[in-house]
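Student: One line per chain: the protein sequences are A and B, in this order.
This note's numbering applies: residue 968 is where the first sequence begins, and numbers increase by one.
This note's numbering applies: residue 968 is where the second sequence begins, and numbers increase by one.
Handing you a structure now.
Protein chains: 2
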Amino acid sequence: MPKVTFLPANVVLDVPSDENLLKAAMGAGIHINASCGGAGVCNKCRIFIEEGKVKGEELPEGGWKACATFPVTDVVVRVPVESQMDRKALTRPLAKKAAAWIKVHGEKVQVRSEPAITKSLLSVPEPSVTDNLSDLGRIRREVGQDFHLEVDSQVLYRLPHVMRDGNWQVTASFMETSYPGHKRLIRVESGDRTRGQHGVCIDIGTTTVSARLISLMDQKVLAESSDYNPQVSYGEDVISRMEFSRKGNGLNILQEKIVICLNKLVSELLQRAGKEKEDICLCTIAANTVMTHFLLGLETRYLRSAPYTPVANRFPPVRAREIGVDLPNHVRIFMAPCVASYVGGDIVAGVVGVGINHHPELTLFIDIGTNGEIVLGNQDWMACAACSAGPAFEGGGIKYGMRATVGAVEVVHIHPETFEPMVLTIGGKKAKGICGSGIISLLAGLFMSGALDRQGKFRRDLPTSRIREGRDGWEYIVVEKEATAIGEDIVFTEADVENLIRAKGAMFAGYLTLLESVGMAIEDLERVILAGNFGSYLDLEQAITIGLLPDIPRDRFFFAGNSSLMGAQVAAISWPKFREMEEVAQMMTHFDLADNPRFMDNYVSCLFLPHTDLALFPSVKEALKD
Amino acid sequence: MPKVTFLPANVVLDVPSDENLLKAAMGAGIHINASCGGAGVCNKCRIFIEEGKVKGEELPEGGWKACATFPVTDVVVRVPVESQMDRKALTRPLAKKAAAWIKVHGEKVQVRSEPAITKSLLSVPEPSVTDNLSDLGRIRREVGQDFHLEVDSQVLYRLPHVMRDGNWQVTASFMETSYPGHKRLIRVESGDRTRGQHGVCIDIGTTTVSARLISLMDQKVLAESSDYNPQVSYGEDVISRMEFSRKGNGLNILQEKIVICLNKLVSELLQRAGKEKEDICLCTIAANTVMTHFLLGLETRYLRSAPYTPVANRFPPVRAREIGVDLPNHVRIFMAPCVASYVGGDIVAGVVGVGINHHPELTLFIDIGTNGEIVLGNQDWMACAACSAGPAFEGGGIKYGMRATVGAVEVVHIHPETFEPMVLTIGGKKAKGICGSGIISLLAGLFMSGALDRQGKFRRDLPTSRIREGRDGWEYIVVEKEATAIGEDIVFTEADVENLIRAKGAMFAGYLTLLESVGMAIEDLERVILAGNFGSYLDLEQAITIGLLPDIPRDRFFFAGNSSLMGAQVAAISWPKFREMEEVAQMMTHFDLADNPRFMDNYVSCLFLPHTDLALFPSVKEALKD
């Protein structure tokens, strides 16, 4: 991998030969003016190659476009004076992911394979005049007397044929019941089919559905697939979908849509892995409370308004076919249990997926999505809450906010003296808007450069044309219209800032409130686990800078990725882990923050950057001193 | 009730004023020649009224037709010399039912009401902001923590509506599981519906299906209904139906037919009792092994030939709807467990219905049908067998045999000197044939009068024209053609006698074989229980005379009626009794008599009237002396 030296900062790093030098500079904390996001249209990101060979675009006036130039050999790059950051900026902690990925169950061999449904090969003696026990009696005898066996009536139809076709070799599928040691015979197949022991685990999010096919015995992921939740057409968020579900056939439509999506994902998984439906034993699904209700076709009317009562929080295993999922008749779906209307099976699955219930350390589990659910606790106790953070971090309520797709501004660096931005877009295409990570990046950059004050107002007196009074009030021009895909300036407004401050304030007030409720404080946190897709893309330093995450030693942070899917996967592999979810859901104390006066007090204190009380953010306080 | 004195025998008895004097005489053991069965056509049953008033038919030559004459006041009747029995005949024990009806469970309050499915009224606190447990959680809380609750997923769909519609009064139906103390929530209804706790219990016989609607809590029988098994159109016996089931869609046809019959019976029961489907909690069904397989739609191919393997002997509870029975979705059918191919749930239900498993006395349970199943044992052990007696006692293989319907000869008395018969038909109509009880009556009468020898051959030298050589060998004319409905003589042939001797021989050899297998003998029997419809109509003395029943003190005999239906009824009322059936089925040792050399030896010894060894039949031996 080519070694690239950036001058005058004299920062050296390895850069893959397919990564352009603008992106490499951003990763190294080197500022290069670049406002088109890498689409190659603003021509501002000029650099000079002092040594070595590159390929890419030379500028007519000399130098190369950083956003379109790639290292071929080791190179020495000089960033011209107009782009350079000063030393002060360089002393800031590097804006990159500092947190470790947490080692979760299922990724390592930490969980024994004990799925809720298993297959066993039975060699059954052929009946004779002296041993003419019934077919089912022969199975019972093989299984052993100490094993109290329930039987699905459907098994009986196939049994005599299966036994004889397989020459008395029968693969029997047993399902665990709620009673330890007691199983239920749910399927018989001829001959040895024990190799086909696979599970499908699914995370149904409000926006995205992700699925994996796993081999239950060796715990391998055989295929992955994901798609948008097609219910999005009937409402972006859970509230609007609950509204829709109440009209006419609404609930049925939502139920059908998600089932169609699951069927598509399952068939993709099978195709990718070269497996058949018959190879699947079970399906585990983690979803928030509303998504769980929709999947099962349950009434959400009473979930929608106070006192927010779900039909159920713990769900019995359901036959996949009963709800329309096209899997063999015996396959059961196990739904992760929920805690309350806004703390669902996705959170419970995440908590068990990352094993909070097995660690003594005081842990804060954060899933930032539309609501922002949090869990505080350890192996002995847990408290949880939904923070009503709103969708700002997903781009909702932000003037040029958008989802994290091609053309979204995903990283921004603000030059601390010129206030010129360095912008990267997803796919290096012309900017269409700003996604969640770009929004946090912008907010943190503008705040740290001094362009925004602690109240979230732009300083009106700065020597830059990028800050101006627009139609919607004061704003910062992120990408000028010439460089965008939409023919207008992409701006970041004070109203956007206000929304973001409210959102991060709700989250932080949530942490504080849960901590206070158990007589603890931020500094007592031993681990912070960032869950969800959004969490995985989060820039830790920037998130701390704006006050979204607590300012504690960085080695206490862990990324968990899609922990909900991970939890579903762990529960597919291990029935005891599924039971743990039920225990965890039961042990969690749910705090309804909406009515909590302490939460309101905390929230008000959080409506500053990073917080009213700077003592809570020592590293940000330190950086602001400079 | 008028008092009737028969002269010259000087027998006095009470006779209902709607009972004709022929029937009354038969009941009193008074012989009156009468060969038309009471149809009033033979004019042989002349009697003279010496005192009192009668109404009916006077004969032109003087006297009255006994078969058409009824007492109005107390009367003195003289039977003319040509009809009279001699004194010797009168000393025989009266040919009437001497056995008591057994007191079975369910008729008396001996079983506590603990049905497998019960309803409870729950008053659930309405949710509030401080108590917003899920709907299902509220039910769980009411039910109590010590009660580990499984839940049918279907319950969830109705739950939120049911709770609110009933203003938080919910009637919940719970089903027992295999695990003591653990129940399953299978149904919720708004408000108090606990009064609707009814059960349907059904006995599916090869020929007849009988059903009862019972109130599970007060154990009352609310309605009864029965019908022929419509599968009869596809085969009279189980063998021919199993043949039919193998062809094309045969199994489906048989399954559908019996389900249509059950649906008809259930709707009749509900109509008669003025109840609704929703009032039914459960259904218990007792049937032989083949009928059980057909009802569930199970393969009988391997049940039909050696080694005679059923698909199952113990069946999981089945949703009524799953097999097409039109009852609410939560209603389960509990099938009585079977023991082997020819010892089915009807027998097991009968054994538990009459409580053999709770009595220390050595008991022989006899169900005489096509096969003739027997159980020997007590509370500690049981042995069972099917005797392959064949259908002779149901009229099968008997030249003029017929079912017990109107016009069937049901009782016959043979004059010990003239060999003239005294015949009664069912309904007093012209004879069409001879039913089971008539057949036994004939065989016993002909044997005791000396018309038949111990080998079952007619004496050729008797002074009567009733015994003659016909087309099919020697025969006895029971009803002359002038008096029949079929325009031909109804006769009883030596071939018929041979068939009957084989049939009763198979039964008796069965008793002996089971007894020998446990080192016991006939005189050790402390109770003999006669089950089934046929058993209820059996004339005990006649049955002993021909060697069908053992010659032991008469007070050891008990009639149980339809004990299979009684067992189903007990199991409906009491889940522990249903579990007892499973234990009884498990504890029974099944003897396959077909391959048993001792059975063959015993069988050969039984091919005499009443048996080769007259010492086994002391009372018959005594009677024959005269």
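Beta carbons: idealized from backbone N, C-alpha and C, even for Gly.
1) Enumerate in chain order the residues of its own chain whose CB-to-CB distance from E1018 of chain B is below 7 Å, with the five nearest sequence positions on each side excluded.
2) Per DSSP, which residues does Q1136 of chain A bridge with? Please list them.
3) Would you call A1510 of chain B buried or exposed, if buried means 16 or more other Cβ atoms sit within 10 Å of its Cβ?
4) In angstroms with no decimal places, state the Cα-to-Cα distance between E1210 of chain B and E1266 of chain B.
5) Considering Cα atoms alone, identify which of B:G1291, B:V1310, B:L989, B:E1361 is closest to A1352 of chain B.
6) Against V1278 of chain B, what residues of chain A qualify as contacts under a CB-to-CB distance less than 7 Å, listed in chain order?
7) For F1332 of chain B, list the residues DSSP reports as bridge partners.
8) Could you tell me which residues DSSP pairs with F1459 of chain A in its beta bridges?
9) Would the stretch 1284–1304 of chain A and the stretch 1267–1275 of chain A be scored as touching if the rule is three or more Cβ pairs under 8 Å?
10) Can you give me the C-alpha to C-alpha distance between V1039 of chain A and L988 of chain A, rounded to a whole angstrom?
11) For P1358 of chain B, which residues from the same chain have a beta carbon less than 6 Å from its beta carbon, with the 5 sequence-adjacent residues on both sides left out?
12) Per the contact definition of three or more C-beta pairs closer than 8 Å, is the stretch 1413–1426 of chain B in contact with the stretch 1453–1468 of chain B?
13) Which residue's Cα is closest to the Cα of M1548 of chain A: A:V1321, A:M1130, A:A1582?
14) Does any C-beta atom of chain B lie closer than 7 Å to the C-beta of G1344 of chain A?
15) Using a Cβ-Cβ cut-off of 7 Å, state whether Y1478 of chain B counts as contacting chain A.
16) Measure the C-alpha to C-alpha separation of P1092 of chain A and E1289 of chain A and round it to an integer number of angstroms.
17) For a contact defined as C-beta to C-beta under 9 Å, what are the partners of V1118 of chain A on chain B?
18) Where do the ends of the alpha helix (DSSP H) carrying K1588 of chain A lie?
19) Checking 7 Å against the spacing of the C-beta atoms, do I1225 of chain B and Q1198 of chain B come in under that value?
20) Taking Cβ positions only, does Y1309 of chain B come closer than 7 Å to chain A?
21) Are the beta-carbon atoms of V982 of chain A and A991 of chain A separated by less than 7 Å?
22) What are the boundary residues of the beta strand (DSSP E) that L974 of chain B is part of?
23) What do you get for M968 of chain A, buried or exposed, if any count of 16 or more other CB atoms within 10 angstroms of its CB means buried?
24) Mind pulling the chain B residues with CB within less than 8 Å of H1149 of chain A?
25) So A1371 of chain B and A1006 of chain B are supposed to be a Cβ contact under 8 Å. How far apart are they, rounded?
26) Which chain B residues sit within Cβ distance under 8 Å of H1297 of chain A?
27) Comparing the C-beta of S1586 of chain A with each C-beta of chain B, is any distance below 7 Å?
28) Measure how close the beta-carbons of S1193 of chain A and T1175 of chain A come, nearest whole angstrom, since I'm counting them as under 8 Å.
29) Tell me, please, which residues DSSP counts as bridged to A1375 of chain A.
30) Would V1096 of chain A count as contacting chain B if we go by Cβ distances under 7 Å?
31) If we ignore side chains and look at the alpha-carbon of each, how far apart do A1066 of chain A and L1409 of chain A end up?
32) Consider the Cβ of P1274 of chain B: report whether some Cβ of chain A lies at a distance smaller than 7 Å.
33) Determine the contact status of L1249 of chain B and G1362 of chain B, defining contact as a CB-CB distance below 7 Å.
34) Name the residues in the stretch 1247–1277 of chain B whose C-beta lies less than 8 Å from a C-beta of chain A; which are they?
35) Is it a yes or a no for the stretch 1128–1140 of chain A touching the stretch 1074–1089 of chain A, going by three-plus beta-carbon pairs under 8 Å?
36) Per DSSP, what kind of secondary structure is K1055 of chain A in: helix, strand or coil?
Tutor: On the basis of the supplied data:
1) Against the second sequence, residue 1018 of chain B aligns to sequence position 51. Excluding sequence neighbours, E1018 of chain B sits near V1042, V1043.
2) Walking along the first sequence from the start, residue 1136 of chain A turns up at place 169. For Q1136 of chain A, which the question treats as bridged, DSSP gives the partners A:S1090.
3) By one-based count along the second sequence, residue 1510 of chain B stands at place 543. Looking at its Cβ environment, which holds 16 or more other Cβ atoms inside 10 Å, A1510 of chain B is buried.
4) Working through the second sequence from its first residue, we reach residue 1210 of chain B at position 243. Working through the second sequence from its first residue, we reach residue 1266 of chain B at position 299. For E1210 of chain B and E1266 of chain B, the distance between alpha carbons rounds to 11 Å.
5) Within the second sequence, numbered from 1, the residue matching residue 1352 of chain B stands at position 385. Nearest of B:G1291, B:V1310, B:L989, B:E1361 to A1352 of chain B, Cα basis: B:V1310.
6) Position 311 of the second sequence, counting from 1, holds the residue named residue 1278 of chain B. Neighbours of V1278 of chain B on chain A, chain order: S1101, D1102, L1103, L1123, L1126, P1127.
7) In the second sequence, residue 1332 of chain B corresponds to position 365, counting from 1. Answer by DSSP bridge pairing, in chain order: B:V1342, B:I1496.
8) The residue given as residue 1459 of chain A occupies position 492 in the first sequence. Answer by DSSP bridge pairing, in chain order: A:Y1443.
9) no
10) What you label residue 1039 of chain A is simply residue 72 of the first sequence in a count that begins at 1. What you label residue 988 of chain A is simply residue 21 of the first sequence in a count that begins at 1. Going by the C-alpha atoms only, they are around 11 Å apart.
11) Here residue 1358 of chain B refers to the residue found at position 391 of the second sequence. Answer for P1358 of chain B: T1337, listed in chain order.
12) yes
13) On the first sequence, residue 1548 of chain A is found 581 positions in, with the first residue counted as 1. The shortest Cα separation from M1548 of chain A among A:V1321, A:M1130, A:A1582 belongs to A:V1321.
14) Reading the first sequence from its first residue, position 377 is the one you call residue 1344 of chain A. By this cut-off, G1344 of chain A is not an interface position.
15) Taking the first residue of the second sequence as position 1, residue 1478 of chain B is located at position 511. Taking Cβ atoms only, chain A never reaches closer than 7 Å to Y1478 of chain B, which makes this a no.
16) For the purposes of this step, residue 1092 of chain A is identified with residue 125 of the first sequence, where counting begins at 1. For the purposes of this step, residue 1289 of chain A is identified with residue 322 of the first sequence, where counting begins at 1. If you take the alpha carbons of P1092 of chain A and E1289 of chain A, they lie about 35 Å apart.
17) Counting from 1 along the first sequence, the entry for residue 1118 of chain A is found at position 151. Simply A1279, R1281, F1282, P1283.
18) Mapped onto the first sequence, residue 1588 of chain A falls at position 621. Where K1588 of chain A is concerned, the enclosing alpha helix (DSSP H) stretches over 1585–1592.
19) Working through the second sequence from its first residue, we reach residue 1225 of chain B at position 258. Working through the second sequence from its first residue, we reach residue 1198 of chain B at position 231. Cβ distance < 7 Å, so I1225 of chain B and Q1198 of chain B count as in contact.
20) Against the second sequence, residue 1309 of chain B aligns to sequence position 342. So no, Y1309 of chain B is outside the interface.
21) The count along the first sequence starts at 1 and reaches residue 982 of chain A at position 15. The count along the first sequence starts at 1 and reaches residue 991 of chain A at position 24. Yes. Within cutoff.
22) For the purposes of this step, residue 974 of chain B is taken as residue 7 along the second sequence, with counting starting at 1. That run of the beta strand (DSSP E) goes 970–974.
23) Counting from one through the first sequence, the residue named residue 968 of chain A turns up at place 1. With fewer than 16 other Cβ atoms within 10 Å, it is exposed.
24) Here residue 1149 of chain A refers to the residue found at position 182 of the first sequence. Residues of chain B passing the Cβ test: S1145, Y1146.
25) By one-based count along the second sequence, residue 1371 of chain B stands at place 404. By one-based count along the second sequence, residue 1006 of chain B stands at place 39. Actually they are not in contact, since the Cβ atoms of A1371 of chain B and A1006 of chain B sit about 17 Å apart, beyond 8 Å.
26) Here residue 1297 of chain A refers to the residue found at position 330 when the first sequence is read from its first residue. Per Cβ cutoff of 8 Å: no residues; H1297 of chain A is ~14 Å from chain B at best.
27) Here residue 1586 of chain A is taken as the residue at index 619 of the first sequence, counted from 1. It does not: the Cβ of S1586 of chain A has no partner Cβ on chain B nearer than 7 Å.
28) Start at 1 with the first residue of the first sequence, and residue 1193 of chain A comes out as number 226. Start at 1 with the first residue of the first sequence, and residue 1175 of chain A comes out as number 208. About 6 Å; that satisfies the 8 Å criterion.
29) Taking the first sequence and counting its residues from 1, one reaches residue 1375 of chain A at position 408. Note: A1375 of chain A sits in a beta bridge opposite A:G1400.
30) On the first sequence, position 129 is the one that residue 1096 of chain A refers to. Yes - at least one Cβ of chain B is within 7 Å of the one on V1096 of chain A.
31) Position 99 of the first sequence, counted from the start, is the residue given in the question as residue 1066 of chain A. Position 442 of the first sequence, counted from the start, is the residue given in the question as residue 1409 of chain A. Residue confidence for A1066 of chain A is low, a pLDDT of 46 falling below 50, so the modelled location carries little weight; the figure read from the coordinates is stated next. Those two C-alpha atoms are separated by around 21 Å.
32) What you label residue 1274 of chain B is simply residue 307 of the second sequence in a count that begins at 1. Yes, because at least one Cβ of chain A sits closer than 7 Å to the Cβ of P1274 of chain B.
33) Translated into positions along the second sequence, residue 1249 of chain B becomes position 282. Translated into positions along the second sequence, residue 1362 of chain B becomes position 395. No.
34) L1263, G1264, L1265, E1266, R1268, Y1269, A1273, P1274, Y1275, T1276, P1277
35) yes
36) Within the first sequence, numbered from 1, the residue matching residue 1055 of chain A stands at position 88. Residue placement at K1055 of chain A cannot be trusted, given a pLDDT of 41 that sits under 50; what the coordinates show is reported in the next sentence. Of the three classes helix, strand and coil, the one that applies to K1055 of chain A here is helix, per DSSP.
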